[in-house]
Every structure is written in C-alpha cells, then in structure tokens.
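Trainee: In order, the protein sequences belong to chains V and L. Numbers 12 to 299, taken from the numbering used here, label the letters of the first sequence in order. Numbers 12 to 299, taken from the numbering used here, label the letters of the second sequence in order. Sharing a structure, written as structure tokens. Questions coming.
Protein chains: 2
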Amino acid sequence: MDEQAALALIGDHLPAAGDDCAVVDGQVVTTDMLHDRTDFPEGTTRYTAGWRAVGASLSDVASMGADATAAVAVYAAPAFDADELTAFLDGAVDVCESVAAEYVGGDLDGHEEFTVATTALGDADDPVLRSGASPGDALCVTGTLGRSGAALRLFERGETERANDLFRFEPRVAAGVALREYATAMLDSSDGLARSVHQLCGASDCGAALSGPLPIADAVDTVAGDAEERRELGVFFGEDFELVCAVPETDLAAAREAVPCPLHRIGTVTEDGVTLDGEPLADRGYSH
Amino acid sequence: MDEQAALALIGDHLPAAGDDCAVVDGQVVTTDMLHDRTDFPEGTTRYTAGWRAVGASLSDVASMGADATAAVAVYAAPAFDADELTAFLDGAVDVCESVAAEYVGGDLDGHEEFTVATTALGDADDPVLRSGASPGDALCVTGTLGRSGAALRLFERGETERANDLFRFEPRVAAGVALREYATAMLDSSDGLARSVHQLCGASDCGAALSGPLPIADAVDTVAGDAEERRELGVFFGEDFELVCAVPETDLAAAREAVPCPLHRIGTVTEDGVTLDGEPLADRGYSH
Numbered sequence: 012m013d014e015q016a017a018l019a020l021i022g023d024h025l026p027a028a029g030d031d032c033a034v035v036d037g038q039v040v041t042t043d044m045l046h047d048r049t050d051f052p053e054g055t056t057r058y059t060a061g062w063r064a065v066g067a068s069l070s071d072v073a074s075m076g077a078d079a080t081a082a083v084a085v086y087a088a089p090a091f092d093a094d095e096l097t098a099f100l101d102g103a104v105d106v107c108e109s110v111a112a113e114y115v116g117g118d119l120d121g122h123e124e125f126t127v128a129t130t131a132l133g134d135a136d137d138p139v140l141r142s143g144a145s146p147g148d149a150l151c152v153t154g155t156l157g158r159s160g161a162a163l164r165l166f167e168r169g170e171t172e173r174a175n176d177l178f179r180f181e182p183r184v185a186a187g188v189a190l191r192e193y194a195t196a197m198l199d200s201s202d203g204l205a206r207s208v209h210q211l212c213g214a215s216d217c218g219a220a221l222s223g224p225l226p227i228a229d230a231v232d233t234v235a236g237d238a239e240e241r242r243e244l245g246v247f248f249g250e251d252f253e254l255v256c257a258v259p260e261t262d263l264a265a266a267r268e269a270v271p272c273p274l275h276r277i278g279t280v281t282e283d284g285v286t287l288d289g290e291p292l293a294d295r296g297y298s299h
Numbered sequence: 012m013d014e015q016a017a018l019a020l021i022g023d024h025l026p027a028a029g030d031d032c033a034v035v036d037g038q039v040v041t042t043d044m045l046h047d048r049t050d051f052p053e054g055t056t057r058y059t060a061g062w063r064a065v066g067a068s069l070s071d072v073a074s075m076g077a078d079a080t081a082a083v084a085v086y087a088a089p090a091f092d093a094d095e096l097t098a099f100l101d102g103a104v105d106v107c108e109s110v111a112a113e114y115v116g117g118d119l120d121g122h123e124e125f126t127v128a129t130t131a132l133g134d135a136d137d138p139v140l141r142s143g144a145s146p147g148d149a150l151c152v153t154g155t156l157g158r159s160g161a162a163l164r165l166f167e168r169g170e171t172e173r174a175n176d177l178f179r180f181e182p183r184v185a186a187g188v189a190l191r192e193y194a195t196a197m198l199d200s201s202d203g204l205a206r207s208v209h210q211l212c213g214a215s216d217c218g219a220a221l222s223g224p225l226p227i228a229d230a231v232d233t234v235a236g237d238a239e240e241r242r243e244l245g246v247f248f249g250e251d252f253e254l255v256c257a258v259p260e261t262d263l264a265a266a267r268e269a270v271p272c273p274l275h276r277i278g279t280v281t282e283d284g285v286t287l288d289g290e291p292l293a294d295r296g297y298s299h
C-alpha cells in the first residue's frame, strides 16, 4: 500500500482527518515527522532542521487559516550534542517567533537516524478546509515555488550556506489568517503544486485549469539545467510550504490587498480535470 | 551528553518545559516518540503499539491533572500494510475512548524502523506541576508497579498474548483529574518509580522517605526470579504510567475517596534525600 492509499485508509477510519490539520473544539492540530534520509540533506544545520521541521507543522496551521499558537517537537538522534541541540532549539524558537507562536518544548529520544517529530497548534473558529472550492473560483498560490528543490540541488553541490537559507521559510501564517475571510478551500504545497491542486480538487469535487507562467522562484533558474528540470523543481518537487487556495473571482482583489505577500493567480477552478496550459497535469509529487 | 543532561539543557532554554506537559493558555500539550528497538519488543501487536504509544502521551496529560481532549500520531514504518495500520488506528482510537478523548489522526512517514510519535492535548486551568510538594506531604502512587517490566519478560519468553495485555494500560486521566484538587505535585512513573520520585523531589526542592512494601504488580511475582529482580522491575524499570504524587496529610483520605483506582501511600515528603526503608534510593531508571 503506498502512502496515498494509506492516507485514504486513515481518512476512512477518522472523519476528522483529511485536511492539513485536524479540528478539535475551535482548535487545529497537526503533526509531522522529518528525518535525515529524506528531509535533511547532508549540510543541513541543526538550526535549519529545527526551523524547518517546526515550520512544516506551522505551515499546516497556516493552511487552515488558523492563528498559530504553539509548537512542540521530539528530537531523536543517536547522541545528544549540546551545540547541536541548542542550535535545533534556537531554530525551533525562531521559526515560532516569526509567526507569533510559542515553542513550548518537547521530548528527546535515542534513535539511530536523526528524526524530528513536530506538532503545532492553532486557533480558528471557522478553519478553511480543502473541500469548499467551486467552479469559477480563482486558483492562487502565495510566494514562489521551487525554493526547496533548488536548495536540494545546492546541498548536492556543497553550497550549503545558500542551501540552508533557502531551506528556512517563513510559514505563511499571516497570509493564511488574511485568506480565511476569502478562501473557499486551502492547503499548503508541501507535496508539490501539482499534487496539492489535485488534492484540493479531489476534496472539493472539482477540477482546475492552470496557466503559465507559474511563479517559479529565481533560485530555481540558477540551478535548473533546462526547462524540464525547472518545471520538475517548481511544479512537482514540493516541500515549499506555500499556500494553495481557491478564492471567488469577486474577492480576489480584496484578498490580494489583505495578504502580506504576493498572491499569484495560477488558474481557475473548473468542473473536472486538472490541466496546465491545456495539457493534463499529472497527480504526482513529493512522497514522504 | 546523556538524556538527563540534554533535558536540563532544554529546560534552560524553554521556561515552559520541565513538567510532563507544557502549559499553553489553559491547555496542556505533550509529545513522545516510541520505536521498535526500545519500546515495542518482538511480539507487540500493532493494536498494542497504537494503544500504548498514544496512551503514553495521555498519561502525561493525566499527570498534570488535566482532562484529556485529543491525540494525534505519526505512524512511521518501512511499508504501510493495511491490516497493521488499521490495527494501529484501532488501538489509538480505543485508548483515547478509554479516557473520553478523541483520536483525530496524524501523519505517515516512510522510515526504516517502526516509529511512532504521539501528541496529546488536555484542558486544565490550574495544572498540577512537579514542583509543589512540601515536607510532610504523603507520597502516593496509583495502581501497581512493574506491569511493563513483567510484560517485557513475557515477550522474551514468547508469551505474547499475556505480554500484550499487560502492555496496554488505561491512562490515569480520571485519577489525575480527581487528584488535581489535592495533589501538590504530580508526574507519571514513565521513568520508573525511583527516578520519578527523584524528579518530583528535584522540582519541589525536597526529599522523600519511602517505606515498603511497595505496590508491586502480581505479574512481577510470576516472572521475577528473585527479590532483586522483583525490585528492579517494580522500582526501576519504569514505563508503567502510574501517577506519582504528593498529597497533604489532611487531604489523603478525601483524595483516596475521589480517585477511581487504588492510591497507595508509599512514603512521606522530607527536607532532602531520597530513601527506601532508610537506605538511599538510586536515581536511575528508564532511559529512552
């Protein structure tokens, strides 16, 4: 059973699952696990690891349109080095401060592979789900796509300082809160733009017609060898933690005004099918 | 740096850390990680694993005297088997139901070693910390000690059905809620009775004089080869998830009346030093 099928099984068992966060009594909660082999390329500092791991969960909070309140993490490693642990905590605290949340601690675990499990909490009386988009809504994404893919190439090349910079992202909590008044459906782009759009469309029982140019990060242009790699990193790679949302056409200008970062329209919600410039867009992306 | 030193480092960085849960706006939150090598002996069913992993976090909620509200988990494994995942979810849901909390889902992660990260939430306006005990308070423990140690021996012998039964425990949420009116300090016995008493005394800046007989589980007697092993499993092994608390002498009868399980007095809080039957009790226990 692949991850998608396994997630579907969880969804069948747990009615509260299926969005980026579960919703409990006006609160949202989300949990994630990241580890060395797939999530922290060689050269990733512990500061970046703390920032990114906690940031990934804060991004899920953002995607529900919730105010982030607190986060915790389990730091699991073969050994506990004081400098590494301190750097990790500093990263976790700093990313929380960047979104006005509180990092309140967590636990330690001896583990062969460096692994981090994070949980974030947020407040939202009326969270934005993946399931509310309607044909005609504008499909939008915050910021730019492909930063993490570009970072991975830079790690591979040993350009670790720039790679670490790209790997630390500010979770889009302020944008999510601004969008909750307007967005009919929202999630983050952690699985890549293509899969995220498919997920939104699947939950909303609709389709989407995307049209380029997509807002691909400049960093992608500096690492991509050709147009195909550029598209791969920008559209499929994922782990970017931007917000993908549907906004009614009539609210688009107001939403853009309210959101404190670029909100790029990438297409329109349709009855069915997911296309980019008229061609079918594959439902593939990052598998964790 | 060992785990105790690493935890102290976290405590220096994060004022909210140091108890079984962090406290945020009238809510408690706790997170844990368990994995194959150290936490799930061969023969542990996925149902038991789900129950026990989520139960460990619910036990932390209980130890703050909080009402458990919700839990999430990350299920990380080399492959996702539908039967195994379903059994895990059933265990997670059932342990939550046993304490009137809701299991609201979580995430999946591909991971070489079967690993579970759990987070539980609870409500408590005035949570019980580890730090409020005073000399003269009665020192108490709920239930019996050594079940998990006995289970481990049974797993080793291949008596997996009985071992699994012992490994599933009902988190002491109801007892914790009843005790919050009386307990001056509380934590759970996840690191073993000895270390838990040391932790309570360290946080409360006091000592404790314990006296036997301690409430060792019958299961320990059936597996322990001699008195020394009995004491090792009951006092030091840990992972029992009972509540260890200090209660003012004058409240002890009322606390016993209120708690829906046995509340065994094991000693008295003193000015300093931790002893059992007059002999120093070592500060050692389960390291995760």
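Ideal Cβ placement from N, Cα and C applies to all residues, glycine included.
Name the chain L residues whose beta carbon is nearer than 7 angstroms to that of VAL116 (chain V)?
Mentor: Here residue 116 (chain V) corresponds to residue number 105 of the first sequence, with the count starting at 1. Checking the displayed sequence, the identity of residue 116 (chain V) turns out to be Gly instead of Val. Simply ILE21, LEU25, ALA27, ALA28 and ALA33.
Trainee: Starting from VAL258 (chain V), trace the beta strand (DSSP E) in both directions and tell me its first and last residue.
Mentor: The residue given as residue 258 (chain V) occupies position 247 in the first sequence. Residues 254-258.
Trainee: Relative to the C-alpha of THR264 (chain L), which candidate in L:GLU192, L:GLU253, L:ARG183 and L:GLY296 has its C-alpha closest?
Mentor: Walking along the second sequence from the start, residue 264 (chain L) turns up at place 253. The residue asked about is misnamed: residue 264 (chain L) is Ala in this sequence, not Thr. Taking each of L:GLU192, L:GLU253, L:ARG183 and L:GLY296 in turn and checking the Cα distance to ALA264 (chain L), the smallest one comes out for L:GLU192.
Trainee: Classify HIS299 (chain L) as helix, strand or coil using the three-state DSSP reduction.
Mentor: Translated into the one-based positions of the second sequence, residue 299 (chain L) becomes position 288. At HIS299 (chain L), the pLDDT of 47 sits below 50, so the modelled position is not reliable and the matter cannot be decided from this model.
Trainee: I'd like the span of the alpha helix (DSSP H) that includes ILE21 (chain L), first residue to last.
Mentor: Stepping through the second sequence from its first residue, residue 21 (chain L) is reached at position 10. Element bounds for ILE21 (chain L): 14-24.
Trainee: Check the Cβ of ALA60 (chain L) against every Cβ in chain V and list those closer than 8 angstroms, keeping chain order.
Mentor: In the second sequence, residue 60 (chain L) corresponds to position 49, counting from 1. The contacting residues do not exist; ALA60 (chain L) stays about 15 angstroms from chain V at best.
Trainee: Please confirm whether ARG206 (chain V) and TYR297 (chain V) have their CB atoms less than 9 angstroms apart.
Mentor: Within the first sequence, the letter at position 195 stands for residue 206 (chain V). Within the first sequence, the letter at position 286 stands for residue 297 (chain V). For ARG206 (chain V) and TYR297 (chain V), yes; Cβs fall inside 9 angstroms.
Trainee: Determine whether the Cβ of MET44 (chain V) lies closer than 9 angstroms to any Cβ atom of chain L.
Mentor: Position 33 of the first sequence, counting from 1, holds the residue named residue 44 (chain V). Nearest CB-CB separation between MET44 (chain V) and chain L: below the 9 angstroms threshold.
Trainee: Just the Cα atoms here: how many angstroms apart are HIS299 (chain L) and PRO89 (chain V)?
Mentor: As a position in the second sequence, residue 299 (chain L) is number 288, starting the count at 1. As a position in the first sequence, residue 89 (chain V) is number 78, starting the count at 1. Note that HIS299 (chain L) has pLDDT 47, beneath the 50 cutoff, so the model's placement of it is unreliable and no number is given.
Trainee: Count the other CB atoms within 10 Å of the CB of GLY203 (chain V); is the residue buried (16 or more) or exposed (fewer)?
Mentor: Locating residue 203 (chain V) in the first sequence gives position 192, where the first residue counts as 1. Buried is the call here.
Trainee: Out of V:ASP294, V:ALA185 and V:THR195, point me to the one whose CA is closest to THR261 (chain V)'s CA.
Mentor: Counting from 1 along the first sequence, the entry for residue 261 (chain V) is found at position 250. Comparing Cα positions, the closest option is V:THR195.
Trainee: Would the beta-carbon of SER159 (chain L) fall within 9 angstroms of that of PHE51 (chain L)?
Mentor: In the second sequence, the residue the question calls residue 159 (chain L) occupies position 148. In the second sequence, the residue the question calls residue 51 (chain L) occupies position 40. Cβ distance not < 9 angstroms, so SER159 (chain L) and PHE51 (chain L) don't count as in contact.
Trainee: Three-state secondary structure (DSSP) at LEU292 (chain V)?
Mentor: Here residue 292 (chain V) refers to the residue found at position 281 of the first sequence. It is coil, neither helix nor strand.
Trainee: Output yes if chain L places a C-beta closer than 9 angstroms to the C-beta of VAL104 (chain V); else output no.
Mentor: Locating residue 104 (chain V) in the first sequence gives position 93, counting from the first residue. True, the Cβ-Cβ gap to chain L drops below 9 angstroms.
Trainee: According to DSSP, ARG276 (chain L) sits in a beta bridge with which residue or residues?
Mentor: In the second sequence, the residue the question calls residue 276 (chain L) occupies position 265. Beta-bridge pairing links ARG276 (chain L) to L:CYS151.
Trainee: Between which two residues does the beta strand (DSSP E) harbouring GLU172 (chain V) extend?
Mentor: Locating residue 172 (chain V) in the first sequence gives position 161, where the first residue counts as 1. It is not in any beta strand (DSSP E) - GLU172 (chain V) instead sits in the alpha helix (DSSP H) that spans 171-178.
Trainee: Can a CB atom of chain V be found closer than 9 angstroms to the CB of ALA17 (chain L)?
Mentor: Against the second sequence, residue 17 (chain L) aligns to sequence position 6. So, interface residue.
Trainee: Please tell me whether ALA257 (chain L) and LEU150 (chain L) are closer than 9 angstroms, where the distance is taken between their beta carbons.
Mentor: The sequence position of residue 257 (chain L) within the second sequence is 246, counting from 1. The sequence position of residue 150 (chain L) within the second sequence is 139, counting from 1. Yes, they are a contact pair.
Trainee: In this structure, does DSSP put ASP283 (chain L) in helix, strand or coil?
Mentor: For this step, residue 283 (chain L) is matched to residue 272 along the second sequence. Coil, per DSSP.
Trainee: Between which two residues does the beta strand (DSSP E) holding THR130 (chain V) run?
Mentor: Taking the first residue of the first sequence as 1, we reach residue 130 (chain V) at position 119. 126-134 is the span of the beta strand (DSSP E), which, as asked, contains THR130 (chain V).
Trainee: Just to confirm, are GLY22 (chain V) and ALA33 (chain L) a CB contact at a threshold of 9 angstroms?
Mentor: The residue given as residue 22 (chain V) occupies position 11 in the first sequence. The residue given as residue 33 (chain L) occupies position 22 in the second sequence. Going by C-beta atoms, GLY22 (chain V) is not nearer than 9 angstroms to ALA33 (chain L).
Trainee: Would you call the stretch 52-62 of chain L in contact with the stretch 97-115 of chain L, where contact means no fewer than 3 C-beta pairs closer than 8 angstroms?
Mentor: yes
Trainee: Consult DSSP for ALA264 (chain L) and reduce its assignment to one of helix, strand or coil.
Mentor: One-based indexing of the second sequence puts residue 264 (chain L) at position 253. DSSP places ALA264 (chain L) in helix when its eight states are reduced to three.
Trainee: Can you give me the Cβ contacts of GLY143 (chain L) inside the same chain, cut-off strictly under 6 angstroms, excluding the 5 residues immediately before and after it?
Mentor: Position 132 of the second sequence, counted from the start, is the residue given in the question as residue 143 (chain L). Its chain contains THR195 and ALA196 as the residues whose beta carbon lies nearer than 6 angstroms to that of GLY143 (chain L), once the 5 sequence neighbours on both sides are disregarded; these appear in chain order.
Trainee: Any C-beta of chain V sitting closer than 9 angstroms to the C-beta of GLU11 (chain L)?
Mentor: No statement about residue 11 (chain L) is possible, as the shown extent of chain L runs from 12 to 299 and does not include it.
Trainee: If the criterion is Cβ atoms closer than 9 angstroms, does the pair THR281 (chain V) and GLY218 (chain V) meet it?
Mentor: Locating residue 281 (chain V) in the first sequence gives position 270, where the first residue counts as 1. Locating residue 218 (chain V) in the first sequence gives position 207, where the first residue counts as 1. Yes, the Cβ-Cβ distance between THR281 (chain V) and GLY218 (chain V) is below 9 angstroms.
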